[in-house]
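Protein sequence lines, in the order shown, are assigned to chains A and B.
The first sequence begins at 977 in my numbering and counts up one residue at a time.
The second sequence begins at 977 in my numbering and counts up one residue at a time.
Cβ coordinates follow ideal geometry from the N, Cα and C atoms, glycine included.
Nothing here was measured: the structure is a model prediction, and the numbers come from that model.
There are 2 protein chains.
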Amino acid sequence: MNSKLKAIKDPPSKQELSNRIEKVRDLMKQQNLDYYVCYDPVNIYYLTNFAFYVHERPFIFVIPKEGLPKMIIPLLEKGHFEQRAKIDYEMAFYYEFPALSGENWYDIYHKIIDNDSKVGIESAMPMGIANKTPGKKVVTDIVEEARLIKTDYEIGRTIHACKVINKGHKVLLKMCRPKVLLFALYREVSNAMTSKIVQDIPNANFRVVDTMGIVWPPSISHDPHLIPHIFDEVEEGGPHVSIVQAQVDGYGVEIERTFFLGHIPEKAKKPFETMFQARAMAYDLLKPGTIMSEIDKKVRNFIKDNGYGDYILHRTGHGLGITGHEAPYLAEGYDRALEPGMIVSVEPGIYIPGVGGFRHSDTVLITEDGYMKLSKAPEELDDLIISI
Amino acid sequence: MNSKLKAIKDPPSKQELSNRIEKVRDLMKQQNLDYYVCYDPVNIYYLTNFAFYVHERPFIFVIPKEGLPKMIIPLLEKGHFEQRAKIDYEMAFYYEFPALSGENWYDIYHKIIDNDSKVGIESAMPMGIANKTPGKKVVTDIVEEARLIKTDYEIGRTIHACKVINKGHKVLLKMCRPKVLLFALYREVSNAMTSKIVQDIPNANFRVVDTMGIVWPPSISHDPHLIPHIFDEVEEGGPHVSIVQAQVDGYGVEIERTFFLGHIPEKAKKPFETMFQARAMAYDLLKPGTIMSEIDKKVRNFIKDNGYGDYILHRTGHGLGITGHEAPYLAEGYDRALEPGMIVSVEPGIYIPGVGGFRHSDTVLITEDGYMKLSKAPEELDDLIISI
């Protein structure tokens, strides 16, 4: 990892993508695979820079152990693929879905891979595609494995993406006052982030741009996956929990804060403090070599010891990259060690019905000797009791 | 089908959803299935009214041949499911993904379905889920089959959704003038539609709301799946091709037009006229009993006979429903008959590099004796040469 990390806004170079494909080929070699087949649009984007939406027409990316990768694609998407894909490739077209007998996608597919080959496929591959995939199939998530450790380029993109959400969160805290409609807040924060993206990356691919900024007011913050109604209002007091997320020209990041408007209710003080200490405990363990399940276990035990064991709803964190949610996981059951170049959220949470939710989340890079928070917003309670 | 069709904005009743589940159960019976398992969020939304985004935590909806359906769900989503699901159900929780041994989603899953059962699964089900699904598995797309014929309620929702895109398209044609930035146009049209959705359906579920309004200017309209750059500008002349789409609280619709600003170039006249006549030919065939591949074949032959056979990039149309793209297909290779209650797009297209793209699309209901266009915008050339 380069020690001087800087924000990057440019699209990936051919060399960057070629390195990613070589990483996949190294893993293919270890598993003696003749071909690896990607169907998941996320993996295809990672390897080619081509982002698309899957309807019923399949897009299939075939990596042979040697030679050019092959993209099987509907005719309609030829120009789109040529516009975005930044690798050397061969293309194979089919006309439509469905098509006349002999002219369907699987007819072409069978000409590319012979039936004696050993073929790796994703666990995300749909049954309908897998059943028509030629060769001896092995389910193995090689591209997810390659995506675990970020390149300097990916880290640079993530640093930039965090500047976007940092701005979004600033706008959110400024605008978030009692009686403000959640819908108005959502649009303002989302627009602020979109505007920054457009200014910073005029040629951004809007297929992989998304922005979201919203607040769970105290009446619902104990239930973090409810979808608030748009005419719900910001309330007085707290805990409010913000969620500001973005996919910035392909890179997914998040920042979340627990905050209070005007005053902090007495009953919210201890849970906030417990969450805050649990979070500090997670950060203390955040360095290469730590087993991720151990972090989750210690954090959970600490929360339990403080009497809030029944109010834990989720693990301590998850990975981020070209998606906002992916491996690795800071979770019991995930017994892998942290490595430099991983990017994870750190977000232990406590959710008490009648009191509210308590969670800070940041997008955090694992470095050679510890970590670096890439997202930024106030963290301390004093800075999060906002005068109204 | 009720002969007096009206726009509906209300969420589905319990009876509506119960009827859908019964439709699925009838199909299960025909195939002697003990269970049908849905993993596709679209199918789960169709049957429950619960919309969610899939990260790595599985949501699995199990329909037994008798008794209550069972939802396997991460603990974190309990409140969210209860808030939105409008059916009678049982829930089974797992804590997290991943989780400690014995507490993972598949541990619960194996308690619900026994290994001797005959279990129907979707062709969209990922390998990683299918491999852990208990029982004797059969890939069969029963819910997609049920979704083919719309209920009166679904038709009413689609009629309302079309009012939203009709408005969006009106705003687009009004604002679309040479030098206007595509990005500005996109925001204006999208905001107009979102505002209407919010006014009409104050409690809309924004997980299933999406709006998109954009124009392919003549320099790129020959390539319909390119993503325009946001700083591209509207141009003089034409053909411009608009795409206005929305998912309106769950219901997907589209309207598209070929139009000209100021004047129509001479070379665009014949392709427009050919597209226009091909479209009329498709509508003439649009009634219950017509084999869908026949429509596509006749339309394609007509376009070929006019000398544009090399410029056809896609089929004549596709279905719409709770998504904007689904079965049935007006396509060669799809040899099924039209039935009352199907909703399809009609959109034969011609794409000539150096000249541009020619396509109108509408969202159209198949009725007892023909069809009814649910989307509305100018269609005739005279109305689509707009003075600037």
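Chain-order list of residues whose beta-carbon lies under 6 Å from that of residue i (same chain, five-residue window excluded)
| i | result |
| --- | --- |
| S1093 (chain B) | D1010, Y1011, G1111 |
| G1228 (chain B) | L1296, T1299, G1300 |
| S1053 (chain B) | Sequence check: residue 1053 (chain B) is Glu here, not Ser. Cβ neighbours of E1053 (chain B) beyond the five flanking positions: none. |
| I1020 (chain B) | C1014, F1037 |
| L1100 (chain B) | Contrary to the premise, residue 1100 (chain B) reads as Ala rather than Leu in this sequence. D1016. |
| P1354 (chain B) | L1360 |
| K1349 (chain A) | D1338, V1340 |
| L1202 (chain A) | I1196 |
| R1033 (chain A) | P1050, F1073 |
| G1226 (chain B) | V1184, I1298 |
| Y1082 (chain B) | K1108 |
Pair within 8 Å by beta-carbon distance, residue i and residue j
| i | j | result |
| --- | --- | --- |
| F1037 (chain B) | F1057 (chain B) | no |
| E1302 (chain A) | I1342 (chain A) | no |
| V1000 (chain B) | V1115 (chain B) | no |
| R1183 (chain B) | Y1065 (chain B) | no |
| T1127 (chain B) | I1319 (chain B) | no |
| T1234 (chain A) | P1215 (chain A) | yes |
| K1263 (chain A) | Y1347 (chain A) | yes |
| E1212 (chain A) | I1364 (chain A) | yes |
| A1244 (chain A) | G1144 (chain A) | no |
| R1060 (chain B) | N1179 (chain B) | no |
| I1097 (chain B) | A1068 (chain B) | no |
| K1046 (chain B) | I984 (chain B) | no |
| I1125 (chain B) | G1317 (chain B) | yes |
| K1352 (chain A) | N1142 (chain A) | yes |
| T1024 (chain B) | I1063 (chain B) | yes |
| I1362 (chain A) | L1237 (chain A) | yes |
| E1232 (chain A) | E1323 (chain A) | yes |
| V1095 (chain A) | K1108 (chain A) | no |
Proximal residues to residue i (C-beta, below 8 Å), its chain only, five neighbours per side dropped
| i | result |
| --- | --- |
| K1386 (chain A) | No answer is possible for residue 1386 (chain A): it lies beyond the span of chain A, which begins at 977 and ends at 1364. |
| Y1284 (chain B) | P1247, T1250, I1326, I1328 |
| P1017 (chain A) | A1027, F1028, Y1029, V1030, F1035 |
| P1200 (chain A) | W1192, V1217, L1289, H1290, G1325, Y1327, G1333, R1335 |
| F1278 (chain A) | T1250, Q1253, A1254, M1257 |
| K982 (chain A) | G1132, I1135 |
| P1154 (chain B) | E1209, V1210, E1211, E1212, L1237, G1238, I1364 |
Cβ-based neighbour list, residue i, same chain, cut-off 7 Å, excluding 5 preceding and 5 following
| i | result |
| --- | --- |
| F1207 (chain A) | L1157, F1159 |
| N1282 (chain A) | T1250 |
| V1140 (chain B) | M1169, K1172, I1173, A1222, V1224 |
| L1003 (chain B) | I1118, E1121, A1122 |
| M1151 (chain B) | L1161, E1164 |
| C1138 (chain B) | V1229, T1339, L1350, S1351 |
| V1147 (chain A) | E1164, V1165, A1168 |
| N978 (chain B) | D1128 |
| K990 (chain B) | K1062, I1063 |
| Y1022 (chain B) | R996, V1119, R1123, I1298 |
| D1186 (chain B) | A1222, Q1223 |
*How about the segment 1298-1306 of chain B and the segment 1262-1279 of chain B: do they share at least three Cβ pairs that are nearer than 8 Å?*
yes
Validate contact between the segment 1245-1256 of chain A and the segment 1326-1343 of chain A using beta carbons, cut 8 Å, 3 pairs: yes
inquiry  = Closer than 9 Å between beta carbons: that is the criterion. Which residues of the segment 1101-1121 of chain B meet it against chain A?
reply    = M1101, P1102, M1103, G1104, I1105, A1106, N1107, K1113, V1115, D1117
Checklist entry - Contact between the segment 1183-1196 of chain A and the segment 1162-1173 of chain A: three or more CB pairs below 8 Å? => result yes
Practice item. With 7 Å as the C-beta to C-beta threshold (strictly closer), list the residues of the segment 1028-1048 of chain A near chain B in chain order. Key: H1031, E1032
**OP:** Give the residues from the segment 1176-1191 of chain A that approach chain B closer than 8 Å (Cβ to any Cβ), ordered along the chain.
**Re:** P1178, N1179, A1180, N1181, F1182, R1183
- Jot down the residue ranges of each uninterrupted beta strand (DSSP E) in the segment 1261-1338 of chain A, minimum 3 residues, whole runs only, in chain order. 1293-1295, 1302-1306, 1319-1322, 1325-1328, 1332-1335
key: Touching by the beta-carbon criterion (3+ pairs, under 8 Å), the segment 1095-1105 of chain A and the segment 989-996 of chain A   = no
Is it a yes or a no for the segment 1215-1223 of chain A touching the segment 1072-1081 of chain B, going by three-plus beta-carbon pairs under 8 Å?
no
Which residues, in chain order, does the segment 1331-1362 of chain B contribute to contact with chain A at a C-beta distance below 7 Å? none
Residue ranges of each beta strand (DSSP E) within the segment 1065-1140 of chain B, 3 or longer: 1066-1070, 1094-1097, 1112-1115
Taking Cβ-Cβ distances below 9 Å as the criterion, which residues of the segment 1227-1247 of chain A are in contact with chain B?
none
message = Please list, in chain order, the residues of the segment 1190-1209 of chain A that have any C-beta partner in chain B closer than 8 Å.
response = D1199, P1200, H1201, L1202, I1203, H1205, I1206, F1207
_Cβ-based contacts, 9 Å cut-off: residues of the segment 1067-1090 of chain B near chain A_ = Y1071, E1072, F1073, P1074, A1075, L1076, S1077, E1079, N1080
- Query: Which residues, in order along the segment 1277-1300 of chain A, keep a beta-carbon less than 7 Å from a beta-carbon of chain B?
  - Reply: L1289, H1290, R1291
Any chance you could list the beta strand (DSSP E) runs of at least 3 consecutive residues sitting entirely within the segment 1192-1251 of chain B, in chain order? 1213-1224, 1227-1231, 1234-1237
Open item on the list: Please list, in chain order, the residues of the segment 1147-1163 of chain A that have any C-beta partner in chain B closer than 9 Å.
Closed with: F1159, Y1162, R1163
In chain order, what are the residue ranges of uninterrupted beta strand (DSSP E) at least 3 long that sit wholly in the segment 999-1023 of chain A? 1011-1014
*Near-chain A residues of the segment 1304-1322 of chain B (beta-carbon distance less than 8 Å), N- to C-terminal order*: Y1305, A1307, E1308, G1309, Y1310
- Task: Quick one: which residues of the segment 1050-1064 of chain A get their C-beta closer than 7 Å to a C-beta of chain B? List them in chain order.
- Result: L1051, L1052, E1053, G1055, H1056, Q1059
- Which runs of the beta strand (DSSP E), 3 residues or longer, sit entirely within the segment 1028-1063 of chain A? 1036-1040, 1046-1050
For the segment 996-1027 of chain B, list every residue whose C-beta sits within 7 Å of some C-beta in chain A, in sequence order. none
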